[in-house]
Amino acid sequence: MGPPDRKQRFEEIYTAHYPDILAYVRRRTNSHDDAADTLAETFTTAWRRVEDIPDGASARLWLYGVARRVLANGRRAESRRSELVERLGAQLALWAEAAGPAGADDLDAVREAFRRLKPDDREMLALVSWEGLSSEEIATVLGCSRGAARLRLHRARKRLAGELHVAGLDLARYGSRAIALTKGRT
Amino acid sequence: MDDIQRTIDRLVADIAPDPGPGMTPLARELFEEITTASAVMSARPRGRRRRWFAVPVVAVLAATAVVLGWVLPGALGSAPASAALDIKREGGYYVITVEDLFADPDMYQSELKARGLDITLELAPTSASMAGRILVINSANLLKAGKPAPADGPVKTIDAPGPCHHFAGCPIGVKVPVGYQAQAEIVLGREARPGEKYKIPPGIGLPGEPLHCVDYVNKTVAELVPMLRERGVEAEFVSYTQGVRPADTWYVHDGVMSAAGMALLVASTTLNPTPRPLDATCAAGS
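If you're matching them up, the sequences are chains A and B in order.
Just so you know, full-length UniProt numbering puts 117 at position 117 of the first sequence, and the rest follows in order with no gaps.
Just so you know, full-length UniProt numbering puts 137 at position 137 of the second sequence, and the rest follows in order with no gaps.
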């Protein structure tokens, strides 16, 4: 265990950002066990490297970056999962069961179009709309330049608009100019 | 940002999957596990699962440690007085087994020092069922400085040949690379004296402990007190929040024995949604 101030700082970061990191991880894996593993590994890394975590709101971006790398590393080794992490996975499964399946609305076509995008495009759009990040913040999470983040985001939006158009979704319902995005503009 | 972007972004936001349950008591437990006993999670030997042996949230162990079984040599006291340890060289390793568990720790020390190993041995008070167990702490110098230490250290345990039915594994000794320069600590469990606090607090439901094969998780504090008293155990209850004392109506989540006849239990206002299955500990035997 580290000095008390180290633990206190980590506790503040953990308390402030755990719900956001949980949401981020849950939204990117279908396996509740993997989600629990990723959470545990992300925060274990954060505890080990607490001195490296930036102050303020940037801490959340730093944690997204770690969680992203943990997810990219694939499935966590089974032997590393503690009994507590197994319980966490079970809790997430229970929660999902109680929440019920998504899709009790008219957005299935949007979901389908979103799923057809490449993972990189999906991630750009999700970081904006699910995590509420600006292109500048996305650049921090992904470790790319702001210009690159803006460009990738623009292209991802355009591709989704294209997929929606192909699916015959009446974009006029959502905004007539959305269709213009699919035609000609780069 | 123009309307088109806004429309696309709103559509994506509308299909956002559920964010999950947020901060839960289990999330607080994870915090405790990471900051106090994360090594128990990560330092276990690969390939062997010790699901329910993970030290509970109230565990007092604060260092990177693996609790393992230590098999006593067959005839206690038959070892020559001059050898507390049996140290053999096998290839690039020293293979160390304890000849005399009750030798003076200084004796272990001098035998290790003679081979240039900076390994300390400590006898830690624990329950009768845990006496003879061993903790191996790799890179003790890093941990003491509050720095991260590798989960898997070069000091490893050697398992006894054949199948192992003991919940904590069946190591018969430790293996140390010749020329190992870093510090390591090995803690041997010994039975505590009356009233002495355990340094290795066993889970209260482990084989040999008072609530072994007793369904105590999610009983209320008020229900558990007489159950423990029947078994000659006085209980102290803590909550997940430091300084907050659980009320009689709170539900017990987990517990350890903190001294002979003394239990330390953690309780919460909510039920533990996923109590450890009772038969897992009962079937495993000891």
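Don't be surprised by glycine CBs; every beta carbon is placed ideally from N, CA and C.
Where residue i falls, given that 16 or more other Cβ within 10 Å makes a residue buried
i      : result
Q91/A  : buried
R68/A  : buried
P54/A  : exposed
R49/A  : exposed
V166/A : exposed
G91/B  : exposed
T15/A  : exposed
L271/B : exposed
V244/B : exposed
T7/B   : buried
E230/B : exposed
S127/B : buried
V178/B : exposed
R193/B : exposed
R10/B  : exposed
E185/B : buried
S82/A  : buried
R152/A : buried
T44/A  : buried
G168/A : exposed
A27/B  : buried
D37/A  : buried
Cβ-based neighbour list, residue i, same chain, cut-off 7 angstroms, excluding 5 preceding and 5 following
i      : result
S78/B  : Low confidence applies here, because S78/B scores a pLDDT of 30, under 50, leaving its location unreliable; read the following figure in that light. If we look at S78/B and ignore the five residues flanking it on each side, it has no Cβ neighbours.
A267/B : V221, F237, S239, P246, W250, Y251, V252, H253
D248/B : T220, V221, A222
A235/B : L224, V225, L228, A263, L265
A93/A  : H32
P275/B : V217, N218
E163/A : A113, R116, L117
L61/A  : E137, T140, V141
Closer than 9 angstroms at the beta carbon, the chain B residues around residue i
i      : result
E11/A  : F31, T35
W62/A  : Ordered by position in chain B, no residue passes the 9 angstroms Cβ test against W62/A, which lies about 16 angstroms from the chain.
S129/A : I8, D9, R10, L11, V12, A13, D14, I15, A16
A126/A : V12, A16
Distance CB(residue i)-CB(residue j) smaller than 8 angstroms
i      : j      : result
S258/B : P201/B : yes
G65/A  : V141/A : yes
Y198/B : P125/B : yes
R146/A : A139/A : yes
V136/B : G203/B : no
L71/A  : H17/A  : no
L30/B  : A40/A  : yes
W47/A  : T35/B  : yes
I21/A  : T42/A  : yes
G173/B : I96/B  : yes
G22/B  : P119/A : no
E33/B  : L133/A : no
A23/A  : G20/B  : yes
L107/A : D18/B  : no
I87/B  : Y94/B  : yes
Contact set between residue i and chain A, taken where Cβ atoms lie within less than 8 angstroms
i     : result
I15/B : A102, L107, V110, R111, F114
7 angstroms Cβ cut-off: residues of chain A touching residue i
i    : result
I8/B : R157, L160, A161, A178
Q5/B : R157
Within chain B, partners of residue i - CB distance below 8 angstroms
i      : result
Q91/A  : P21, T24, L26, P273, T274
K118/A : Per Cβ cutoff of 8 angstroms: no residues; K118/A is ~15 angstroms from chain B at best.
T29/A  : Near T29/A there are no residues of chain B at all, since even the closest Cβ is about 10 angstroms away, more than 8 angstroms.
R26/A  : P17, D18, P19, G20
L151/A : Within 8 angstroms Cβ-Cβ: nothing; L151/A doesn't reach chain B, min ~13 angstroms.
Close beta carbons around residue i, own chain, < 6 angstroms, minus the five adjacent residues each side
i      : result
K156/B : K175
E122/B : V187
N8/A   : First, the residue type needs correcting, since residue 8/A is Gln and not Asn in the sequence shown. Within the same chain, Q8/A has no close Cβ partners at all.
V233/B : P210, G261, A263
V60/B  : Below a pLDDT of 50, predicted positions are generally treated as unreliable, and V60/B, at 27, falls in that range; the measurement from the model is reported next regardless. P201.
V12/B  : none
D121/A : A156, R159
F10/A  : W47, V50
E110/A : Note that residue 110/A is Val in the sequence shown, not Glu. Excluding positions up to five away in sequence, the list is empty.
Contact set between residue i and chain A, taken where Cβ atoms lie within less than 9 angstroms
i      : result
Q181/B : Residues of chain A passing the Cβ test: none, with the nearest at roughly 23 angstroms.
Contact list for residue i against chain B, beta-carbon separation under 7 angstroms
i     : result
T38/A : Neighbours of T38/A on chain B: none; closest Cβ ~12 angstroms, over 7 angstroms.
R87/A : L26, T274
A23/A : P19, G20
L94/A : P273
L84/A : E29, L30, E33, A54
Own chain, CB closer than 8 angstroms to residue i, minus 5 neighbours either side, in chain order
i      : result
R27/A  : A126, W130
T143/A : Here the sequence assigns Gly to residue 143/A, which means Thr is not the residue at that position. Same-chain partners within the cutoff: G65.
Can you list, in chain order, the stretches of the beta strand (DSSP E) that have 3 or more residues and sit fully within the segment 196-256 of chain B?
-> 234-238
At which residue ranges does the segment 23-103 of chain A contain complete beta strand (DSSP E) runs of 3 or more residues, listed in the order of the chain?
-> none
Output the residue ranges of the alpha helix (DSSP H) runs that lie fully inside the segment 132-166 of chain A and measure 4 residues or longer, sorted by chain position.
-> 135-142, 146-166
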